[in-house]
Amino acid sequence: MKVLETEFAKGMIRLAGDGFAQGWHERNGGNLSYRLTEEDVCSVQDDLKLDGAFLPIGASVPGLAGEYFLVTGSGKFFRNVPLAPEDALAVIRVDQKGENYQLVWGLQNGGKPTSELPTHLMNHEVKKRKTKGAHRVIYHCHPANIIALTFVLPLKDEVFTRELWEMATECPVVFPDGIGVVEWMVPGGREIAVKTSELMELYDVAIWAHHGIFCSGETFDLTFGLAHTVEKSAEILVKTLSMAPKKLQTIEPDGFRQLAKDFGVSLPEKFLFEKG
Ligand code: 13P
Ligand code: ZN
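Add 5 to the 1-based position in the sequence shown for my numbering, that's all there is to it.
Structure representation (structure tokens):
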């Protein structure tokens, strides 16, 4: 089977188009990766070239030894993924040490995997362990409202989680564990990858101040839906703050506790503090 005939490649391409349509992927902004199942790898074996050089990942991910990933290429535009996926995407294989990767498919006209490969793979390593293999998708995008909020809210997990939960009743049900925030850092390297992957131990969403967000999920739909829910909530908060600096009414801590009971989720008490 050809890579582009698979459901996982189709899912990746659809998400890229949907993300561009939302306005979250100016130029080459954002990147996306998917960890293949063993069946995925078997099904495309004949379409892969396994004799290329191994190159350094820039991070150590021993928990991903031998795993295959479909990833976006560095400098590739999301809007072009549906038009020329074999140019914009790559399948890579991680070596047995978890230190190097080999390009085995794609990037037809040259290039390399996303510059955020260290963050993607370190997040995958954490999520593979924490979810016993269930999470397979890591998505990074640049949604304007979330980014805007990182200029006016304190860069604290508790503040972002609580403010975004308050903006839409569904939010605590969609991301009950909350949201982590990484202060501004230079992107593209190991340092920001380490910080982000620490937050992925606790949350499925990490905000990068003045830059964008990273989301983790089981499927393309769930991961995109998570980013979509967070950004919608951020949009409501931006609108609310633009109309009035102080809310007249909102969902109170006891409301969240009631919601948690009725919807069968557990909401950490650290987010349900009394506001002064
Ligand atoms: P890449 O084009 O290397 O994926 O970088 C885009 C980006 O959003 C960096 O954070
Ligand atoms: Zn980015």
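Yeah, the Cβ is synthetic: ideal placement off N, Cα and C, and Gly gets one too.
Quick one: any contact between the stretch 170–189 and the stretch 205–224, if contact means 3 or more CB pairs under 8 Å? yes
Determine, using beta carbons only, whether L41 and A21 come nearer to each other than 9 Å. Counting from 1 along the sequence shown, the entry for residue 41 is found at position 36. Counting from 1 along the sequence shown, the entry for residue 21 is found at position 16. No, the Cβ-Cβ distance between L41 and A21 is not below 9 Å.
What separation, rounded to the nearest whole angstrom, lies between the Cα atoms of G260 and K266? Start at 1 with the first residue of the sequence shown, and residue 260 comes out as number 255. Start at 1 with the first residue of the sequence shown, and residue 266 comes out as number 261. Computed Cα separation, rounded: 10 Å.
F268 to L246 span [Cα, whole Å]: Sequence index remark: in the sequence shown, residue 268 carries index 263 (1-based). Sequence index remark: in the sequence shown, residue 246 carries index 241 (1-based). In this structure, the alpha-carbon of F268 lies about 29 Å from that of L246.
Does at least one heavy atom of the ligand 13P sit under 8 Å from the Cβ of P192? To locate residue 192, count along the sequence shown from 1; it is residue 187. For P192, the distance from the CB to the nearest heavy atom of the ligand 13P is below 8 Å.
Per the DSSP calculation, N36 is bridged to which residue(s)? Numbered from 1 along the sequence shown, position 31 holds the residue referred to as residue 36. Paired residue(s): H145.
Evaluate S271 with the Cβ neighbour count: other Cβ atoms within 10 Å of its Cβ, from every protein chain shown; 16 or more gives buried, anything less gives exposed. Counting from one through the sequence shown, the residue named residue 271 turns up at place 266. Looking at its Cβ environment, which holds fewer than 16 other Cβ atoms inside 10 Å, S271 is exposed.
Where P148 falls, given that 16 or more other Cβ within 10 Å makes a residue buried: As a first step, residue 148 must be located in the sequence shown, where it is residue number 143. Buried, since its Cβ has 16 or more Cβ neighbours within 10 Å.
Report the start-end ranges of each beta strand (DSSP E) in the stretch 150–215 that is 3 residues or longer and not cut off at the edges. 185–187, 210–213
Taking Cβ to Cβ, would you say C146 is nearer than 9 Å to G78? Indexing the sequence shown from 1 puts residue 146 at position 141. Indexing the sequence shown from 1 puts residue 78 at position 73. No, the Cβ-Cβ distance between C146 and G78 is not below 9 Å.
Residue of D45, A14, D51 minimising C-alpha distance to A89: In the sequence shown, residue 89 corresponds to position 84, counting from 1. Selected option, being the one with the closest Cα: A14.
Would you list, in sequence order, the uninterrupted alpha helix (DSSP H) runs of no fewer than 4 residues that lie entirely inside the stretch 8–79? 12–26, 43–49
Collapsed DSSP secondary structure at L126 in the structure displayed: Walking along the sequence shown from the start, residue 126 turns up at place 121. Here L126 carries a helix assignment [DSSP, helix/strand/coil].
How many whole angstroms separate the CB atoms of F165 and F83, which I take to be in contact at a CB cut-off of 8 Å? Against the sequence shown, residue 165 aligns to sequence position 160. Against the sequence shown, residue 83 aligns to sequence position 78. With 8 Å as the limit, F165 and F83 do not qualify as a contact, their Cβ atoms being about 25 Å apart.
Run through the DSSP bridge pairs and tell me what V96 is partnered with. Start at 1 with the first residue of the sequence shown, and residue 96 comes out as number 91. Paired residue(s): L75, W110.
Nearest-angstrom Cβ-Cβ length linking A198 and T124, presumed shorter than 8 Å: Looking up residue 198 in the sequence shown gives position 193. Looking up residue 124 in the sequence shown gives position 119. With 8 Å as the limit, A198 and T124 qualify as a contact, their Cβ atoms being about 4 Å apart.
Please say whether K135 and M283 have beta carbons closer to each other than 9 Å? Since the displayed the chain opens at 6 and closes at 281, residue 283 lies outside it and no answer follows.
From V46, Q113, G116, residue whose alpha carbon lies closest to that of R98: Taking the sequence shown and counting its residues from 1, one reaches residue 98 at position 93. Nearest neighbour of R98 by Cα position, chosen from V46, Q113, G116, turns out to be V46.
W29: CB within 8 Å of a non-hydrogen atom of the ligand ZN: Locating residue 29 in the sequence shown gives position 24, counting from the first residue. Result no, Cβ not under 8 Å from the ligand ZN.
Is there contact between the stretch 92–109 and the stretch 152–168, where contact requires at least three CB pairs shorter than 8 Å? Contact between the stretch 92–109 and the stretch 152–168 is absent, because fewer than three Cβ pairs lie under 8 Å.
Can K81 be considered in contact with the ligand 13P, in the sense that its beta carbon sits closer than 8 Å to one or more heavy atoms? The residue you call residue 81 lines up with position 76 of the sequence shown. K81: yes, Cβ under 8 Å from the ligand 13P.
Measure the alpha-carbon distance for I18 versus P87 and round it to whole angstroms. In the sequence shown, residue 18 corresponds to position 13, counting from 1. In the sequence shown, residue 87 corresponds to position 82, counting from 1. Rounded to whole angstroms, I18 to P87 spans 5 Å at the Cα level.
How big is the Cα-Cα spacing for F74 and G222? Within the sequence shown, residue 74 is the residue found at index 69, counting from 1. Within the sequence shown, residue 222 is the residue found at index 217, counting from 1. Cα-Cα distance, rounded: 15 Å.
A64 and L126 look like a contact to me (Cβ under 8 Å); what is the Cβ gap, rounded to whole Å? By one-based count along the sequence shown, residue 64 stands at place 59. By one-based count along the sequence shown, residue 126 stands at place 121. Going by Cβ atoms, the distance from A64 to L126 rounds to 6 Å, so yes, they are a contact pair.
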